[in-house]
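Enquirer:
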Amino acid sequence: MKRRNFILGLAGVFSLSACNSIIDIEPEFVKDGSQIFTTIEDYEYALTGAYSLFREVGYFASGAQTTSTWASLPDMMGDNLVRTTEDLANWQEQVNWVYESTDSDINTAWQEAYSVVAQANLVLRNIDQFSATNPKAVNRIKGQALAIRAVAHFDVLRYWGTDYDLNSTGPGIPYVEIVDINNKPSRLTVAESWAKIFADMTQAETLLGNVDGTINSGNSRSYLDQKAVRALLARMYLYAGQYEEAEAFASQVIAEEPLATGADFEGIWTDASTAEVLWAVPFNAGEGSPSSGVHNAPSNRNRFRPADPLLALYDQNNDIRYGTYFGVRSLSGAPRNILRKFYGRGNASDNLVNWKVIRTGELYLIRAEARARQGGAKEALANTDLNDLRSARIADYAPETLTGSALIEAIFTERKKELVGEGHQWFDIKRTTRTIERTDPGLLAGSGVILTPEHRAWVWPVPQSEIDANENIRGQQSAGY
1 MKRRNFILGL AGVFSLSACN SIIDIEPEFV KDGSQIFTTI EDYEYALTGA YSLFREVGYF
61 ASGAQTTSTW ASLPDMMGDN LVRTTEDLAN WQEQVNWVYE STDSDINTAW QEAYSVVAQA
121 NLVLRNIDQF SATNPKAVNR IKGQALAIRA VAHFDVLRYW GTDYDLNSTG PGIPYVEIVD
181 INNKPSRLTV AESWAKIFAD MTQAETLLGN VDGTINSGNS RSYLDQKAVR ALLARMYLYA
241 GQYEEAEAFA SQVIAEEPLA TGADFEGIWT DASTAEVLWA VPFNAGEGSP SSGVHNAPSN
301 RNRFRPADPL LALYDQNNDI RYGTYFGVRS LSGAPRNILR KFYGRGNASD NLVNWKVIRT
361 GELYLIRAEA RARQGGAKEA LANTDLNDLR SARIADYAPE TLTGSALIEA IFTERKKELV
421 GEGHQWFDIK RTTRTIERTD PGLLAGSGVI LTPEHRAWVW PVPQSEIDAN ENIRGQQSAG
481 Y
């Protein structure tokens, strides 16, 4: 039996209603998944398959026609990155905010996210049969699968959710928890979606505290251990406006994983160091790249450049991030600013680096914002977090004290500076209901320059292929499409 074939399970699902439990084992025949997973090792292989799907083009990887939906695209859709004449306009619908339900990239993103969900559900189905004989191994496998399922659904909610309020009755997402070819789930409310996400994540956090061995050994950060799940819970609670919980989970992680030293910081981006990295999706030769849609290093094609107003935010002489994140590369003798954050390992120029999903720098900003939004005495602690992060990044930094909206704005700006290119900006603007004003629009004009909070573009349309295949979601299209 070729396990390497069946671990990819449902990588080829085309819509929610097309998900099934048929697993490819050999070219000449197929079997139902429940017939295959007969040992705990089978579930281990299936779990590896779930992780591998994060590397698919349209999730964290970029391709010739489809960009990395949860990696580079959020900065392309905001104002951090600017489209240049070197781009072939493969993603102009997203960048210009003019997408429709028939958009192929949006369809791909939907497919890839629910493919991850489907594979996680295969792992979760019947894993409890081993609970009596190998409970800690079950906890380790089940905890990771639950977290994977929750993360994929959370990512869908970030684009397709009407808003992020914990109690919102607006349209959320379908939450898929079973493997059933006949399952045609409807769209839950945002509140119901959050309830499912947090149920999976909190169970995962508990299970991963009682496992049969270390999940990430050595310098590996490829798997979701308890610390990574807590970090993601902090992010999710911030989105949901649950600031006490966001602060608490961020504090737990920060206590275990400090900020990188100045000596280690640059190495994070060449994979020479895993300092402050909490979870990273590994990319190796032949497995694509998460960032080639921005600056394609092998071809020196600068599709999207860093916006001039973004570069102006940095202390360019003293901030280690400026020289680490950005560079100048010439084409035909003309210098261009580039995002070099994901250039390659060592001296390579191939865009081949691991995708850092979450790290301690973000946790400091999560905790700072959570404390600032609670107000009162927590503002002093928020200032401490903000100053600690800046001191770690900026030589000779002089701490400052801010209050109220000025503090909130400073944290928002620091997120732009710290997390540029890491897949946050669109969601940060959406969750804080801001207006995008591209003062450095590059090739864009007209409708692609200003986006107000009321615009339909903040909520992606359900793909037409899903509407056609699933009658239970047919009347639940996002508003305006």
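1 is the number of the first residue of the sequence shown in full-length UniProt numbering; add one for each residue after it. By construction, the Cβ of each residue, glycine as well, lies at the ideal position given by its N, Cα and C atoms. All figures in this text were calculated on a predicted structure; none of them were measured in a lab.
Could you pull the start and end residues of the beta strand (DSSP E) that Ala145 belongs to?
Expert: Segment 135-160 is the alpha helix (DSSP H) holding Ala145; no beta strand (DSSP E) there.
Enquirer: Who are the near neighbours of Ala250 in its chain, counting only those whose CB is closer than 6 Å to its CB and skipping five residues on each side?
Expert: If we look at Ala250 and ignore the five residues flanking it on each side, its Cβ neighbours are Ala234, Leu363, Ile366, Arg367.
Enquirer: According to the neighbour-count rule (16 or more other Cβ atoms, all chains shown, within 10 Å of its Cβ), is Asn354 buried or exposed?
Expert: When all chains shown are included, Asn354 counts as buried.
Enquirer: Quick one: using the 10 Å Cβ neighbour count with 16 as the cut-off for buried, is Gly475 buried or exposed?
Expert: Exposed: under 16 other Cβ atoms inside 10 Å.
Enquirer: What residue range is occupied by the uninterrupted beta strand (DSSP E) comprising Leu81?
Expert: 81-83 is the extent of the beta strand (DSSP E) around Leu81.
Enquirer: Per DSSP, what kind of secondary structure is Asn302 in: helix, strand or coil?
Expert: DSSP places Asn302 in strand when its eight states are reduced to three.
Enquirer: On the CB-based measure, 16 or more other CB atoms within 10 Å of its CB, does Glu276 come out buried or exposed?
Expert: Buried.
Enquirer: What residues in its chain sit with their C-beta under 6 Å from that of Lys378, if we drop five residues either side in the sequence?
Expert: Same-chain partners within the cutoff: Arg371.
Enquirer: Report the rounded CA-to-CA distance for Val123 versus Ala46, giving the unit in angstroms.
Expert: If I take the Cα positions, the gap works out to 6 Å.
Enquirer: Does DSSP put Ser72 in a helix, a strand or coil?
Expert: It is coil, neither helix nor strand.
Enquirer: Here's a check: name, in chain order, each residue in its chain whose Cβ is nearer than 7 Å to the Cβ of Tyr43, leaving out the five neighbours to either side.
Expert: Answer for Tyr43: Phe37, Val123, Ile127, Ile141, listed in chain order.
Enquirer: So within the stretch 329-378, which uninterrupted alpha helix (DSSP H) runs reach at least 4 residues, ignoring any that extend past its ends?
Expert: As far as the stretch 329-378 is concerned, its whole alpha helix (DSSP H) runs of at least 4 residues are 360-374.
Enquirer: Just list the alpha helix (DSSP H) runs in the UniProt domain "SusD-like N-terminal" (87-238), keeping only unbroken ones of 4 residues or longer that don't cross its boundaries, in chain order.
Expert: List check, alpha helix (DSSP H) in window: 92-96, 104-124, 135-160, 190-207.
Enquirer: How would you write the range of the alpha helix (DSSP H) that Ala250 sits in, first residue to last?
Expert: Residues 243-256.
Enquirer: Mapping the DSSP letters down to three states, classify Asn470 as helix, strand or coil.
Expert: Coil.
Enquirer: If I'm right that Val294 touches Gly421 with Cβ under 8 Å, what's the distance once you round it to whole angstroms?
Expert: The pair is a contact, with the Cβ atoms about 7 Å apart (cut-off 8 Å).
Enquirer: Look at the alpha carbon of Asn470 and the alpha carbon of Thr102, and state the distance between them as a whole number of angstroms.
Expert: Distance between the alpha carbons of Asn470 and Thr102: 15 Å.
Enquirer: For Glu276, name the three-state secondary structure that DSSP assigns.
Expert: Coil, per DSSP.
Enquirer: Between Lys417 and Glu400, what straight-line distance do the alpha-carbon atoms span, to the nearest angstrom?
Expert: So the alpha carbons of these two residues sit roughly 17 Å apart.
Enquirer: Gly375: buried (16+ other C-beta within 10 angstroms of its C-beta) or exposed?
Expert: With fewer than 16 other Cβ atoms within 10 Å, it is exposed.
Enquirer: Enumerate in chain order the residues of its own chain whose CB-to-CB distance from Ile148 is below 6 Å, with the five nearest sequence positions on each side excluded.
Expert: Ala50, Ala120.
Enquirer: May I have the straight-line CA-CA distance separating Pro185 from Thr84, to the nearest angstrom?
Expert: When rounded, the distance between both Cα atoms is 41 Å.
Enquirer: Is the CB-CB distance between Leu73 and Thr67 below 7 Å?
Expert: Result yes, Cβ atoms of Leu73 and Thr67 sit closer than 7 Å.
Enquirer: Name the one or two DSSP bridge partners that Val281 has.
Expert: Per DSSP, Trp355.
Enquirer: Just grab the DSSP bridge partners of Gly327 for me.
Expert: DSSP output for Gly327 lists Ile338 as bridge partner(s).
Enquirer: Taking its Cβ as the centre, do 16 or more other Cβ atoms sit within 10 Å of Arg456, making it buried, or is it exposed?
Expert: Answer is exposed; the Cβ neighbour count stays below 16.
Enquirer: Quick one: what's got a C-beta closer than 7 Å to Ala71's C-beta in the same chain, skipping five residues either side?
Expert: Taken in chain order, the residues that qualify are Phe60, Pro290, Ser291, Trp355, Gly423.
Enquirer: If you drop the 5 nearest sequence neighbours on each side, which residues of the same chain put their C-beta closer than 7 Å to that of Arg55?
Expert: Closer than 7 Å at the Cβ level, and outside the excluded window around Arg55, lie Ala61, Val281, Phe283, Glu287, Gly288.
Enquirer: Would you check if the stretch 164-178 and the stretch 251-266 touch, i.e. whether three or more CB-CB distances between them fall below 8 Å?
Expert: Touching, no, given that fewer than three Cβ pairs across the two stretches are closer than 8 Å.
Enquirer: In whole angstroms, what is the alpha-carbon distance linking Arg340 and Asn80?
Expert: For Arg340 and Asn80, the distance between alpha carbons rounds to 14 Å.
Enquirer: Return the chain-ordered list of same chain residues with a C-beta closer than 6 Å to the C-beta of Tyr159, the five sequence neighbours on each side being excluded.
Expert: If we look at Tyr159 and ignore the five residues flanking it on each side, its Cβ neighbours are Trp460.
Enquirer: Within 10 angstroms of its Cβ, does Ser115 collect 16 or more other Cβ (buried), or is it exposed?
Expert: When all chains shown are included, Ser115 counts as buried.
Enquirer: By the 10 Å Cβ neighbour count, where 16 or more other Cβ atoms means buried, how is Thr69 classified, buried or exposed?
Expert: It counts as buried.
Enquirer: How many angstroms separate the CA atom of Asn296 from the CA atom of Arg303?
Expert: Rounded to whole angstroms, Asn296 to Arg303 spans 7 Å at the Cα level.
Enquirer: Do you know whose CA, among Ala137, Gly63, Ala118, lies nearest Glu41's CA?
Expert: Cα-wise, what sits closest to Glu41 is Ala137.
Enquirer: To which residues of the same chain is Pro463 closer than 7 Å at the C-beta, ignoring the five residues directly before and after it?
Expert: Cβ neighbours of Pro463 beyond the five flanking positions: Ser101, Ile106, Asn107, Trp110.
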